[in-house]
Amino acid sequence: MGIQLFKASFNVEACLAQVRECLEKGWTGMGFKTVEFEEEWKKYTGHKYAYFINSNTAGLYMAVDTLKELYGWEDDDEIISTPLTFISTNHAITKSNLKAVFADVDDTLCLDPKSVEEHITDKTRAVIFVGFGGNTGKFKEVVKTCKERGLKLILDAAHMSGTRYKDGSVPGTNGDADIIVYSYQAVKNLPTGDSGCICTDDAKLDEIFRKKAWLGINKDTYARTVSAGGTYKWKYDVEYAGDKYNGNAIMAGIALAQLPYLDRDNAYRRTLAQWYTEAFSKYPGQISLVKIPDDCVTAQHLFQIMVKDRDGLMMYLNGNDIYPGVHYIANTDYCMYEYGKGTCPKADFASAHIISLPIHMGVTFEDVQYITGIVVKYIMEIRKGESYK
Ligand SMILES: *Cc1c(COP(=O)(O)O)cnc(C)c1O
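Here our numbering = 1-based position in the sequence shown + 772.
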């Protein structure tokens, strides 16, 4: 099998017990475990509201769409975003007929607050910040800019389940972000099958998400009748042409079973990163590492290095039964977003030189020694120690 980039590890018995409960109760859809998970996630993170949905992508789509409608944004208004992300982030902007304006990243691979400032125009309405690899980057500076300039802020926290600041607080809490969206997709830090969570401190937003994610259905007016002993349980009103984005009890059950192990798993990810870093820091001219700010306790979704000949290294590692990945090719390289091509030199550099090394619960100390040995051999012997610049 070799050493894969990602492999989810499940606490199988705990997951099965949760699923069994759903099956025996005859309740696998929305509600029940989804509500239980929402409560646990609010406790774990400190977000005031949390709504369990079927993916982070759905959450991002709904986040942009809801803000656009609520604040009366026009088509072609702008949202500042990063080219270095999974395509969901930028599609969320496009899907709402808004324009993604690309700002550059810094040495944390997250949005550079200076570049964000430079891209603000009178059409800018919001910023989407991606906590790349679990990193907080300079998020707090972006929060400050958004508050000063009256911009909304969405945090794509797909890689950030478990990320904290050193003081224990979770990025985006206390009103720092308007909307925070997590992913519990199969290879993320809190793996289920597919699911996610959309969080906010704003009761109004949470109320809208719950309707929009369920076709726009509003049961509230009739729920009152039901609790008063009425017979209109089957009646509801429809307020939006909504979507079908809600999560289900099976996925929520798996998330509930996994949550108690998230901090432990993330700590092991950071240990793996430390082992990699120790081996690579001897080659500062040849291997570039991603900066993690001192106040960030990263969820370490990824461990990445930048090297001169990324594609060659990739082939060499594959030849040695090691299967890394690339996160990400700059979205401005795709034809859809090529209007932004060449505007973000640091993201372009990362896109051409970056490689994500195996990081999951099944990677051992010996594996890391083996992988780092092969990487160093390729760079120092085969490529004769050429600089990555
Ligand atoms: C995985 C990912 C998403 C999408 O998450 P899904 O739950 O699979 O929809 C969005 N943004 C980033 C940065 C991701 O890595």
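Cβ atoms here follow ideal geometry from the backbone N, Cα and C, with glycine treated the same way.
Local conformation of residue i per DSSP, three classes
{"i": "Gln-776", "result": "strand"}
{"i": "Ile-1216", "result": "There is simply no residue 1216 to check, as the chain begins at 773 and stops at 1161 in what is shown."}
{"i": "Val-1079", "result": "coil"}
{"i": "Glu-846", "result": "coil"}
{"i": "Arg-1041", "result": "helix"}
{"i": "Phe-904", "result": "helix"}
{"i": "Leu-839", "result": "helix"}
{"i": "Phe-804", "result": "coil"}
{"i": "Tyr-1017", "result": "coil"}
{"i": "Ile-1126", "result": "strand"}
{"i": "Tyr-1095", "result": "strand"}
{"i": "Val-1135", "result": "coil"}
{"i": "Ile-1151", "result": "helix"}
{"i": "Ala-1071", "result": "coil"}
{"i": "Phe-1052", "result": "helix"}
{"i": "Phe-782", "result": "coil"}
{"i": "Tyr-1033", "result": "helix"}
{"i": "Tyr-1012", "result": "coil"}
{"i": "Trp-986", "result": "strand"}
{"i": "Phe-809", "result": "helix"}
{"i": "Ile-980", "result": "helix"}
{"i": "Ser-853", "result": "strand"}
{"i": "Tyr-823", "result": "strand"}
{"i": "Tyr-1100", "result": "coil"}
{"i": "Ser-1159", "result": "coil"}
{"i": "Tyr-1106", "result": "coil"}
{"i": "Gly-831", "result": "helix"}
{"i": "Trp-1006", "result": "coil"}
{"i": "Lys-1113", "result": "coil"}
{"i": "Gly-818", "result": "coil"}
Buried or exposed (CB count within 10 angstroms, at least 16 for buried), residue i
{"i": "Asp-884", "result": "buried"}
{"i": "Val-1140", "result": "buried"}
{"i": "Ile-951", "result": "buried"}
{"i": "Gly-1114", "result": "exposed"}
{"i": "Asn-946", "result": "exposed"}
{"i": "Ser-769", "result": "With the chain running from 773 to 1161 in the structure shown, residue 769 is simply not present."}
{"i": "Lys-916", "result": "exposed"}
{"i": "Gln-1046", "result": "exposed"}
{"i": "Ser-733", "result": "This structure cannot speak to residue 733, because the chain is shown only from 773 to 1161."}
{"i": "Phe-858", "result": "buried"}
{"i": "Tyr-1109", "result": "buried"}
{"i": "Gly-1057", "result": "exposed"}
{"i": "Met-802", "result": "buried"}
{"i": "Leu-1074", "result": "buried"}
{"i": "Thr-730", "result": "No information on residue 730 is available, as it lies outside the stretch 773 to 1161 that the chain covers here."}
{"i": "Phe-1031", "result": "Looking at the sequence provided, one finds Leu at residue 1031 rather than Phe. So Leu-1031 counts as buried."}
{"i": "Phe-1137", "result": "exposed"}
{"i": "Met-773", "result": "exposed"}
{"i": "Lys-976", "result": "exposed"}
{"i": "Tyr-1160", "result": "buried"}
{"i": "Gly-968", "result": "buried"}
Ligand 2 heavy atom lying under 7 Å from the CB of residue i
{"i": "Ala-1119", "result": "This structure simply doesn't include ligand 2; it includes ligand 1 instead."}
Neighbourhood of residue i by C-beta distance below 8 Å, restricted to the same chain and skipping five residues each side
{"i": "Glu-913", "result": "Pro-885"}
{"i": "Arg-1082", "result": "Val-1098, Ala-1124, His-1125, Ile-1126 and Ile-1127"}
{"i": "Tyr-1040", "result": "Met-1133"}
{"i": "Gly-988", "result": "Val-1010, Glu-1011, Tyr-1012, Ala-1013 and Gly-1014"}
{"i": "Tyr-843", "result": "Arg-897 and Lys-924"}
{"i": "Thr-800", "result": "Cys-794, Asn-1020, Ala-1021 and Ile-1022"}
{"i": "Lys-910", "result": "Asp-878, Thr-880, Cys-882, Leu-883, Asp-884, Pro-885 and Pro-1065"}
{"i": "Ile-1146", "result": "Tyr-1088, Leu-1089, Asn-1092 and Ile-1094"}
{"i": "Met-1152", "result": "Tyr-1055 and Gln-1058"}
Beta-carbon contacts of residue i that lie in its chain and below 7 Å, excluding the five residues immediately before and after
{"i": "Leu-777", "result": "Tyr-1095, Pro-1096, Gly-1097, Ser-1128 and Pro-1130"}
{"i": "Gly-934", "result": "Asn-961, Leu-1034, Asp-1035, Asn-1038 and Ala-1071"}
{"i": "Glu-846", "result": "none"}
{"i": "Lys-991", "result": "Tyr-1008"}
Own chain partners of residue i with C-beta closer than 6 Å, once the 5 adjacent residues on each side are dropped
{"i": "His-891", "result": "Ile-852, Val-873 and Ala-875"}
{"i": "Asp-879", "result": "Lys-1063"}
{"i": "Thr-972", "result": "Tyr-821, Ile-951 and Asp-978"}
{"i": "Pro-963", "result": "Ala-780"}
{"i": "Ser-868", "result": "Val-836, Asp-837 and Lys-840"}
{"i": "Phe-904", "result": "Leu-881 and Cys-882"}
{"i": "Lys-832", "result": "Here the sequence assigns Leu to residue 832, which means Lys is not the residue at that position. Within the same chain, Leu-832 has close Cβ partners Ser-860, Ala-864 and Val-953."}
{"i": "Met-932", "result": "Gly-903, Gly-906 and Ala-1071"}
{"i": "Ala-1029", "result": "Asn-783, Ala-786, Cys-787 and Gln-790"}
{"i": "Lys-871", "result": "Asp-848 and Glu-850"}
{"i": "Gly-1025", "result": "Gln-790, Val-791, Cys-794 and Lys-805"}
CB contact check: residue i to chain D, cutoff 8 Å
{"i": "Glu-841", "result": "Structure shown: chain D not included; a single protein chain is present."}
Inside the region 917 to 976 only - beta strand (DSSP E) runs reaching at least 3 residues:
924 to 929, 951 to 955 and 968 to 972
Just to confirm the assignment: which complete beta strand (DSSP E) runs, minimum length 3, are found wholly within the region 863 to 914?
871 to 874 and 896 to 902
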